[in-house]
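Position 70 (the sequence shown) corresponds to 192 in our numbering; numbering is contiguous. For each residue, glycine too, the CB sits at the ideal point set by N, CA and C. None of these values were measured; they are calculated from a predicted model. Below is one structure, written out as structure tokens; comments come after it.
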Amino acid sequence: MKQIAILSGKGGTGKTTLVASFAALAKDTCVLADCDVDAPDLHLILKPDVIERMEFIGSKTARIDMEKCVCCGVCEDACRFDAITGCEIDPIMCEGCGVCSYVCSEEAIQLEDNISGYAFISDTRFGRISHAELNIAEEASGKLVTLVRNNARDPV
């Protein structure tokens, strides 16, 4: 399979417009992959019809079971991301490292899957597209880009 990548180190250079133009020229002969999962725009131009929507689990987030928690503060002291205050975890600050769960003698903290974004396979007037969107404050963009590329290689 031949692949063409359009990239630049700066936003606003016309990458999305160029890809949409190539898509129009190559109508129905290729599968597009919008790998800009942090701020995707290709779907705005191509107006795709979503065929498949997949949850993307890119990280874990700690959750406290308040029925087990004794608010001892050990987890708060152990958290190097300052995500725990008292008996509450800030899900935006939590990196899902698991240290809090490890140090909790009451086994009150569990790591749960976090939906970090969504991957899509869609149809456009120019053909199939694999694209995704990472949720705000998520950092697993590399894994999501890999999923987008894999979906483009083997579309539905």
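- Ser238 and Gly180 have their C-alpha atoms spaced approximately 5 Å apart.
- The alpha-carbon separation between Arg250 and Gly264 amounts to approximately 22 Å.
- A contact between stretches requires three or more CB pairs, one per stretch, nearer than 8 Å, and the stretch 199 to 209 fails this requirement with the stretch 255 to 274.
- Per DSSP, Lys182 is one residue of the beta strand (DSSP E) stretching across 171 to 186.
- Take Ile128, set aside five residues on each side of it, and the residues of its chain with a beta-carbon closer than 7 Å to its own are Lys137, Leu140, Val141, in chain order.
- By the CB criterion at 8 Å, Cys226 and Cys209 fall outside the cutoff.
- Unbroken alpha helix (DSSP H) stretches of 4 residues or longer found wholly inside the stretch 198 to 273: 221 to 225, given in chain order.
- Close CB contacts of Val270 within its chain, under the 8 Å cut and outside five residues either way in sequence, are with Ala155, Asp156, Cys157, Val159, Ala241, Ser252, His253, Ala254 (chain order).
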